[in-house]
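Engineer: Starting off with a structure, shown below.
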Amino acid sequence: GAGVSQTPSNKVTEKGKYVELRCDPISGHTALYWYRQSLGQGPEFLIYFQGTGAADDSGLPNDRFFAVRPEGSVSTLKIQRTERGDSAVYLCASSKDPTGKLFFGEGSRLTVL
Amino acid sequence: DQQVKQNSPSLSVQEGRISILNCDYTNSMFDYFLWYKKYPAEGPTFLISISSIKDKNEDGRFTVFLNKSAKHLSLHIVPSQPGDSAVYFCAATSHNAGNMLTFGGGTRLMVKP
Numbered sequence: 346g347a348g349v350s351q352t353p354s355n356k357v358t359e360k361g362k363y364v365e366l367r368c369d370p371i372s373g374h375t376a377l378y379w380y381r382q383s384l385g386q387g388p389e390f391l392i393y394f395q396g397t398g399a400a401d402d403s404g405l406p407n408d409r410f411f412a413v414r415p416e417g418s419v420s421t422l423k424i425q426r427t428e429r430g431d432s433a434v435y436l437c438a439s440s441k442d443p444t445g446k447l448f449f450g451e452g453s454r455l456t457v458l
Numbered sequence: 483d484q485q486v487k488q489n490s491p492s493l494s495v496q497e498g499r500i501s502i503l504n505c506d507y508t509n510s511m512f513d514y515f516l517w518y519k520k521y522p523a524e525g526p527t528f529l530i531s532i533s534s535i536k537d538k539n540e541d542g543r544f545t546v547f548l549n550k551s552a553k554h555l556s557l558h559i560v561p562s563q564p565g566d567s568a569v570y571f572c573a574a575t576s577h578n579a580g581n582m583l584t585f586g587g588g589t590r591l592m593v594k595p
């Protein structure tokens, strides 16, 4: 498809488990962002990639969260030792460049039991 | 400490009337503001934006007004249509932060036929 693709769309896991969420940005978009939206709140910035490198990871809540984008296209958000408070919709977005229009995916809903 | 606030969690208007959604911000470094619209199970989609050098930007039925001295912006939709029913997010950034957006909590708009 032409849009930002995120998998899985839904993930239910148990407290303490490891989770990976995948984002496939729009082809040619060099900038990729991860946001997290908790229930009843707006999206919160987590991390931004320009190409392969994390240009800004100031939004990652703690060291259980890590993200990679090894070839400058697909990105994976990794969460270790999940906690119930990690339950949220994780949104990925991409843009042609850091100031271009931002396109969001449909999100991956994570539920930690 | 919320830097972008949308104080009305919901708004209901009659089809054909004007919808006014409000947003307040506290960070004086913000100089670019955006509105996103979100339908259930979809990612946010860009609606309209405004730079701090302007006080108004119009696109069809949508107009955004910016009052820098009051640190307040509003989105006007006229005439409102049932298809406008969605959650609207206000977002802000600064010129050196690009697409690292700070979002408000959202306002759910319901347009009744």
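So the sequence lines, in the order shown, correspond to chains A and B. Take this note's numbering: the last position of the first sequence gets the number 458, and nothing is skipped along the way. Take this note's numbering: the last position of the second sequence gets the number 595, and nothing is skipped along the way. In this text, a Cβ means the ideal position worked out from N, Cα and C, and glycines have one as well.
(1) So if I threshold CB-CB distances at 8 Å, which residues from the segment 523–536 of chain B count as touching chain A?
(2) If we ignore side chains and look at the alpha-carbon of each, how far apart do A:Phe410 and A:Thr427 end up?
(3) If we count the other Cβ atoms within 10 Å of its Cβ and call it buried at 16 or more, is B:Leu548 buried or exposed?
(4) Under 7 Å between beta-carbons, which chain B residues line up against A:Asp401? List them in chain order, please.
(5) Are B:Leu557 and B:Ile535 touching if we call contact CB-CB under 9 Å?
(6) Find the residues of chain A that neighbour B:Phe602, judging by a C-beta separation of less than 9 Å, and give them in chain order.
(7) Just to make sure I have the definition right: I need the residues of chain B whose C-beta is within less than 7 Å of the C-beta of A:Pro443. Which are they?
(8) Considering only their Cβ atoms, is the gap separating A:His374 from A:Ser440 smaller than 9 Å?
(9) Which residue comes first and which comes last in the beta strand (DSSP E) that contains A:Glu389?
(10) Give me the residue from B:Ser567, B:Ala574, B:Gly580 and B:His577 with the minimum Cα distance to B:Leu493.
(11) For A:Gly398, list the residues DSSP reports as bridge partners.
(12) Would you verify that the beta carbon of A:Ser432 is, or is not, closer than 9 Å to some beta carbon of chain B?
(13) Does A:Arg429 come out as helix, strand or coil in the three-state DSSP assignment?
(14) Please decide whether A:Ser320 counts as near chain B, where near means a Cβ-Cβ distance under 9 Å.
(15) Looking only at its chain, what residues have a beta carbon closer than 6 Å to the beta carbon of B:Asp513, apart from the 5 residues adjacent to it on each side?
(16) Leaving aside the five residues before and after A:Ala465 along the sequence, list all residues of the same chain whose C-beta is less than 6 Å from its C-beta, in chain order.
(17) For the segment 358–367 of chain A against the segment 442–457 of chain A, are there 3 or more C-beta pairs whose distance is under 8 Å?
(18) Please tell me whether B:Phe585 and B:Tyr518 are closer than 9 Å, where the distance is taken between their beta carbons.
(19) With a CB to CB cut of under 8 Å and the five nearest residues on each side skipped, what residues in its chain are close to A:Ser420?
(20) Could you check which residue in B:Arg543, B:Ala579, B:Asp483 and B:Ala552 has the C-alpha nearest to that of B:Asp537?
Structural biologist: In brief:
(1) Hits within the stretch, in order: Ala523, Glu524, Gly525, Pro526, Thr527 and Phe528.
(2) Note on geometry: alpha-carbon atoms of A:Phe410 and A:Thr427 lie some 9 Å from one another.
(3) It counts as buried.
(4) Met582, listed in chain order.
(5) Taking 9 Å as the cut-off, the Cβ atoms of B:Leu557 and B:Ile535 do not count as close.
(6) Nothing about residue 602 of chain B can be read from this structure; chain B reaches only from 483 to 595.
(7) Within chain B, the residues near A:Pro443 are Gly580 and Asn581.
(8) It is a contact, given that the beta carbons lie within the stated cut-off.
(9) Where A:Glu389 is concerned, the enclosing beta strand (DSSP E) stretches over Glu389 to Gln395.
(10) Of the listed residues, the one whose Cα sits closest to B:Leu493 is B:Ser567.
(11) Beta bridge pairing from DSSP links A:Gly398 with A:Gln395.
(12) Under the Cβ criterion of 9 Å, A:Ser432 is not counted among the residues facing chain B.
(13) If DSSP states are grouped into helix, strand and coil, A:Arg429 belongs with the helices.
(14) An answer regarding residue 320 of chain A cannot be provided, because it is not within the stretch 346 to 458 covered by chain A.
(15) Same-chain partners within the cutoff: Ser534, Ser576 and His577.
(16) In the structure displayed, chain A extends from 346 to 458; residue 465 of chain A sits before or after that span and is not available.
(17) Judged by Cβ distances under 8 Å, the segment 358–367 of chain A makes contact with the segment 442–457 of chain A, as three or more pairs qualify.
(18) In this structure, B:Tyr518 lies closer than 9 Å to B:Phe585 by Cβ.
(19) Closer than 8 Å at Cβ, skipping near neighbours: Arg367, Cys368, Pro370, Leu377, Trp379, Phe394, Ala412, Val413, Arg414 and Cys437.
(20) Among B:Arg543, B:Ala579, B:Asp483 and B:Ala552, the Cα nearest to that of B:Asp537 is on B:Ala552.
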